[in-house]
Amino acid sequence: MEWADPTLAFYGLGAAALATSAVTLRKRLELSKAKHRSLAGHSRMARRLAGFVPFYDYSEERFFRSDDAPDEIAARRRAGFERLSVLYKTRFAETIRQTAEASSSISDLRFTDAYRVPFQYSRMVRAHLPSAAFLRSSSGVTVTDLDGNRAYDLTGSYGVNVLGYDFYKEAIERGAARVRELGPVLGPYHPLIIENTKLLKEVSGLDEVSFHMSGTEAVMQAVRLARYHTRRSHLVRFCGAYHGWWGDVQPGIGNPVPAHETYTLDDMSEEALRVLRTRRNIACVLVNPLQALHPNISAPSDSSLLDSGRAAHFDKAAYAQWLKRLREVCTERNIVLIFDEVFVGFRLAKGGAQDYFGVRADLVTYGKTLGGGLPIGVVCGKSDLMKRFRDDRPADICFARGTFNAHPYVMAAMNEFLRFLQTPQADALYRGLDTIWNDRARKLNQRLAAEALPVEVANISSIWTVCYTQPSRYNWMLQYYLRAEGLALSWIGTGRLIFSLNYTDADFDAVADRFVAAAKAMAHDGWWWNNPATTNKTIKRTILKEMVRQRLFGPRER
Ligand SMILES: Cc1ncc(COP(=O)(O)O)c(C=O)c1O
1 MEWADPTLAF
11 YGLGAAALAT
21 SAVTLRKRLE
31 LSKAKHRSLA
41 GHSRMARRLA
51 GFVPFYDYSE
61 ERFFRSDDAP
71 DEIAARRRAG
81 FERLSVLYKT
91 RFAETIRQTA
101 EASSSISDLR
111 FTDAYRVPFQ
121 YSRMVRAHLP
131 SAAFLRSSSG
141 VTVTDLDGNR
151 AYDLTGSYGV
161 NVLGYDFYKE
171 AIERGAARVR
181 ELGPVLGPYH
191 PLIIENTKLL
201 KEVSGLDEVS
211 FHMSGTEAVM
221 QAVRLARYHT
231 RRSHLVRFCG
241 AYHGWWGDVQ
251 PGIGNPVPAH
261 ETYTLDDMSE
271 EALRVLRTRR
281 NIACVLVNPL
291 QALHPNISAP
301 SDSSLLDSGR
311 AAHFDKAAYA
321 QWLKRLREVC
331 TERNIVLIFD
341 EVFVGFRLAK
351 GGAQDYFGVR
361 ADLVTYGKTL
371 GGGLPIGVVC
381 GKSDLMKRFR
391 DDRPADICFA
401 RGTFNAHPYV
411 MAAMNEFLRF
421 LQTPQADALY
431 RGLDTIWNDR
441 ARKLNQRLAA
451 EALPVEVANI
461 SSIWTVCYTQ
471 PSRYNWMLQY
481 YLRAEGLALS
491 WIGTGRLIFS
501 LNYTDADFDA
511 VADRFVAAAK
521 AMAHDGWWWN
531 NPATTNKTIK
541 RTILKEMVRQ
551 RLFGPRER
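Number 558 marks the last residue of the sequence shown (this note's numbering); no jumps.
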């Protein structure tokens with residue numbers, strides 16, 4: 001087409017440019033509205049702000065009264081702290097000694113050691129309640145440290161331990177015996193991979209399987225396949241959701257490089273659905289169903305327990321409804337729906353979160369327990385999505401490898417796990433699971449309330465988190481009282497308690513007794529003293545002021 005009049009052409013182009021920028025602006029606004037209002041929903045800003053948070057810590061005096069508690073309370077706290085310190089250093093002496101020796105050489109340990117409690121308190125805690133991160137053995141639902149102390153295991157080994165440690169020990173041993181003749185030969189497969197593939201297809205209801213070395217890698221591959229097949233660039237994840245430590249799924253704090261092709265959207269929100277409906281560059285949506293317990297909130301850990309703002313509540317029907325709507329929009333828009341079941345797969349139900357919530361995904365990632373106690377990541381998917389090449393474009397491939405993929409020993413331990421799922425014992429184990437764990441949580445909450453303790457638990461089946469019902473700056477101390485009562489927690493403290501399904505009622509009652517005893521001891525030592533004027537907001541404001549003062553005026557006695 002030719003423009004007869006250059007002026008008209010100029011106005012025409014101007015109008016077109018304006019219209020385009022209006023559309024871009026509208027989309028930009030929609031995207032902004034679809035982000036959760038917290039910092040976790042604004043990864044770029046969170047990363048930038050994290051760089052401004054200055055280090056400071058409390059003097060010994062301030063450590064016990066950072067909430068301006070009266071002298072008498074500070075003295076009780078100090079006495080309790082000293083008692084705990086003596087108990088730790090006596091009871092866990094050898095375990096602490098070996099942990100301290102290894103700590104400067106194992107970077108993981110150095111990191112977890114530093115991040116057990118809010119950083120302002122960390123120096124004092126490390127000096128007096130040192131980490132005891134070694135264990136000698138496990139049996140039933142307990143673990144034993146280097147000093148011979150047995151504790152009930154609430155760590156669940158990051159979620160791997162669904163069936164009880166004894167099961168995995170046997171799975172590894174029996175599996176190793178079955179592949180011993182082949183040994184660690186990589187590349188060609190041991191034939192038992194065929195049964196694994198068949199059983200995984202049955203569990204997932206999907207057509208094809210790929211094997212990887214970790215959950216992180218399985219997620220990487222699922223997202224890569226979605227991008228390859230849709231020819232679109234962006235992945236959508238929901239605020240707070242963990243999907244491993246690969247950069248694109250961890251766009252905020254913790255990743256030194258910004259993730260430019262990730263949208264972090266508000267979970268369970270209309271605005272998020274609007275963005276999915278209107279953007280053309282979205283390849284996939286990643287869902288970690290564990291977020292149902294705390295939508296939009298990151299995996300809780302005691303190092304971020306600055307006040308009592310931690311909240312959790314599981315509404316299965318509401319989350320299932322949300323997943324259904326997500327499924328509809330993804331189908332409408334040809335967006336690949338990925339369920340990341342690395343954590344919850346085989347824990348909530350035999351058929352995983354797809355069965356549990358009654359919604360089917362296009363790709364599903366599994367890991368953790370599926371390896372029968374050995375490292376694993378698996379992607380299951382529809383065959384068109386799993387294909388790594390194009391028939392009509394032979395050079396346009398989607399590359400994915402991994403030296404240790406489908407390692408015979410891992411495949412054999414996995415086979416033991418998958419075969420167990422076929423047994424009547426497994427059916428019995430999964431039957432009524434939610435009722436069992438919901439009852440246990442309810443009973444513990446009743447006991448805590450009856451003792452007027454400001455603690456309650458929230459759960460999605462056997463995955464629990466501890467919440468606090470009145471404002472306090474010292475909730476993170478509970479992890480040390482729990483440990484003293486013989487309850488083993490992971491380094492994130494009370495943020496996540498993970499039970500294996502072999503806990504009997506008697507085991508659980510013992511845990512509940514100890515939990516209540518720990519909370520009572522902590523209350524007795526004055527940590528939950530509360531000034532009625534204190535709210536979670538005032539606590540946050542105080543900390544903010546401390547930080548600003550530190551940034552402006554540098555270190556001084558607090
Ligand atoms: C939902 C989810 N996805 C992925 C991962 C990463 O798995 P891995 O630690 O095996 O790399 C995890 C680990 O906790 C997870 O919970």
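Even for Gly, the Cβ is constructed at its ideal location relative to N, Cα and C.
Inset, instruction - Determine the DSSP secondary structure at D166, reduced to helix, strand or coil. - result: Locating residue 166 in the sequence shown gives position 166, counting from the first residue. DSSP places D166 in helix when its eight states are reduced to three.
Legend entry - Residues that DSSP places opposite H212 in a beta bridge: Taking the first residue of the sequence shown as position 1, residue 212 is located at position 212. Bridge partners of H212: G377.
Legend entry - F339 - containing beta strand (DSSP E), residue span: As a first step, residue 339 must be located in the sequence shown, where it is residue number 339. Residues V336 to D340.
Inset, instruction - For L206, decide whether its Cβ has a neighbour in chain B, counting only Cβ atoms nearer than 8 Å. - result: Considering every chain present, this structure includes no chain B. It has just one protein chain.
Legend entry - Where W491 falls, given that 16 or more other Cβ within 10 Å makes a residue buried: Taking the first residue of the sequence shown as 1, we reach residue 491 at position 491. Buried: at least 16 other Cβ atoms inside 10 Å.
Legend entry - Shell residues, 5 Å Cβ cut-off relative to heavy atoms of ligand 1: S214, G215, T216, H243, G244, N288, D340, V342, F343 and G367
Inset, instruction - Flag this pair as yes or no: are the beta carbons of H560 and A292 separated by less than 8 Å? - result: Because the chain is modelled from 1 through 558, residue 560 falls outside the range shown and cannot be assessed.
Inset, instruction - Grab me the residues of Q120's own chain with a C-beta within less than 6 Å of its C-beta, minus the 5 sequence neighbours each way, in chain order. - result: Translated into positions along the sequence shown, residue 120 becomes position 120. Hits under 6 Å: D57 and Y58.
Inset, instruction - Could you give the DSSP three-state label for E61: helix, strand or coil? - result: Translated into positions along the sequence shown, residue 61 becomes position 61. Three-state DSSP puts E61 in a helix.
Inset, instruction - Report, in whole angstroms, the separation of the C-beta atoms of S383 and D266, which I expect to be a contact under 8 Å. - result: Numbered from its first residue, the sequence shown carries residue 383 at position 383. Numbered from its first residue, the sequence shown carries residue 266 at position 266. That belief does not hold up - the Cβ atoms of S383 and D266 are roughly 33 Å apart, past 8 Å.
Legend entry - Sheet register partners of A151 (DSSP bridge): Residue 151 sits at position 151 when you count from the first residue of the sequence shown. Answer is V143, bridged to A151.
Legend entry - Close-in-space but distant-in-sequence residues of the same chain around V160 (CB under 6 Å, 5 per side omitted): The residue labelled residue 160 in the question sits at position 160 within the sequence shown. Contacts found: K368 and T369.
Legend entry - S43 versus G252 - alpha carbon distance: The residue labelled residue 43 in the question sits at position 43 within the sequence shown. The residue labelled residue 252 in the question sits at position 252 within the sequence shown. Answer to the nearest angstrom: the Cα atoms are 4 Å apart.
Legend entry - Cα-Cα separation between Y242 and R97, rounded to whole angstroms: As a position in the sequence shown, residue 242 is number 242, starting the count at 1. As a position in the sequence shown, residue 97 is number 97, starting the count at 1. The straight-line gap from Cα to Cα measures roughly 33 Å.
Legend entry - 8 Å Cβ shell around S214 - same chain, five flanking residues per side excluded: Working through the sequence shown from its first residue, we reach residue 214 at position 214. The residues are G244, G367, P375, I376 and G377.
Legend entry - For E557, the three-state DSSP class (helix, strand or coil): Working through the sequence shown from its first residue, we reach residue 557 at position 557. Its pLDDT being 49, under 50, E557 is placed unreliably in this model, and the coordinates cannot settle the point.
Inset, instruction - Write down the C-beta distance between L478 and M522 rounded to the nearest angstrom, noting that I regard them as a contact closer than 8 Å. - result: By one-based count along the sequence shown, residue 478 stands at place 478. By one-based count along the sequence shown, residue 522 stands at place 522. About 6 Å; that satisfies the 8 Å criterion.
Legend entry - Proximity below 8 Å, CB of D307 to CB of I73: Residue numbering aside, residue 307 sits at position 307 when the sequence shown is read from its first letter. Residue numbering aside, residue 73 sits at position 73 when the sequence shown is read from its first letter. In this structure, I73 does not lie closer than 8 Å to D307 by Cβ.
Inset, instruction - Return yes when the C-beta of R123 is under 7 Å from any heavy atom of ligand 3, and no when it is not. - result: Among the ligands present in this structure, namely ligand 1, ligand 3 is not found.
Inset, instruction - Could you tell me which of D362, R347 and E217 sits nearest to G156, measuring between CA atoms? - result: For the purposes of this step, residue 156 is taken as residue 156 along the sequence shown, with counting starting at 1. Looking at the Cα atoms, R347 is the closest of the given residues.
Inset, instruction - With DSSP as the reference, label E181 as helix, strand or coil. - result: Locating residue 181 in the sequence shown gives position 181, counting from the first residue. The answer is coil: DSSP assigns E181 none of H, G, I, E or B.
Inset, instruction - Please name the residue, chosen from T465, K350, D505 and R514, that lies closest to P424 on a Cα-to-Cα basis. - result: Taking the first residue of the sequence shown as 1, we reach residue 424 at position 424. It is K350.
Inset, instruction - Report the option in G51, K324 and P408 whose CA atom is closest to the CA atom of G187. - result: Here residue 187 refers to the residue found at position 187 of the sequence shown. Of G51, K324 and P408, the residue nearest in Cα terms is P408.
Legend entry - Identified DSSP bridge partners for T365: Position 365 of the sequence shown, counted from the start, is the residue given in the question as residue 365. In the DSSP output, where bridge partners are listed per residue, T365 has D340 and V379.
Inset, instruction - Would you mind giving the Cβ-Cβ distance between V287 and F238, rounded to the nearest angstrom? I have them listed as a contact below 8 Å. - result: Residue 287 sits at position 287 when you count from the first residue of the sequence shown. Residue 238 sits at position 238 when you count from the first residue of the sequence shown. So it is a contact: roughly 7 Å between Cβ atoms.
Legend entry - Q321 to A361 span [Cα, whole Å]: Residue mapping note: residue 321 aligns to position 321 of the sequence shown, counting from 1. Residue mapping note: residue 361 aligns to position 361 of the sequence shown, counting from 1. Distance between the alpha carbons of Q321 and A361: 14 Å.
Legend entry - Beta-carbon proximity of N415 to H212, cut-off 8 Å: For the purposes of this step, residue 415 is identified with residue 415 of the sequence shown, where counting begins at 1. For the purposes of this step, residue 212 is identified with residue 212 of the sequence shown, where counting begins at 1. It is not a contact, given that the beta carbons lie outside the stated cut-off.
Legend entry - the region 498-506 in contact with the region 57-71 per 3-pair CB rule at 8 Å: no
Inset, instruction - Would you decide whether A272 is buried or exposed? Buried here means 16 or more other CB atoms lie within 10 Å of its CB. - result: Walking along the sequence shown from the start, residue 272 turns up at place 272. It counts as buried.
Legend entry - E451 versus D340: straight-line alpha-carbon distance, rounded: Stepping through the sequence shown from its first residue, residue 451 is reached at position 451. Stepping through the sequence shown from its first residue, residue 340 is reached at position 340. Distance between the alpha carbons of E451 and D340 is about 39 Å.
Inset, instruction - Just tell me which of E270, R279, M268 and R274 has its CA closest to the CA of E261. - result: Within the sequence shown, residue 261 is the residue found at index 261, counting from 1. For the residues E270, R279, M268 and R274, the minimum Cα distance to E261 belongs to R279.
Inset, instruction - Round the Cβ separation of L135 and Y480 to the nearest angstrom and send it over; I've been treating them as touching at under 8 Å. - result: Walking along the sequence shown from the start, residue 135 turns up at place 135. Walking along the sequence shown from the start, residue 480 turns up at place 480. The Cβ separation is near 18 Å, so there is no contact.
Legend entry - Extent of the continuous alpha helix (DSSP H) run through I106: Taking the sequence shown and counting its residues from 1, one reaches residue 106 at position 106. That residue, I106, is in no alpha helix (DSSP H); it is neither H nor E in DSSP.
Inset, instruction - Would you decide whether V179 is buried or exposed? Buried here means 16 or more other CB atoms lie within 10 Å of its CB. - result: If you number the sequence shown from 1, residue 179 lands on position 179. V179 comes out buried.
Legend entry - 8 Å contact criterion, which V275 and A34 should meet: CB distance rounded: On the sequence shown, position 275 is the one that residue 275 refers to. On the sequence shown, position 34 is the one that residue 34 refers to. That belief holds up - the Cβ atoms of V275 and A34 are roughly 4 Å apart, short of 8 Å.
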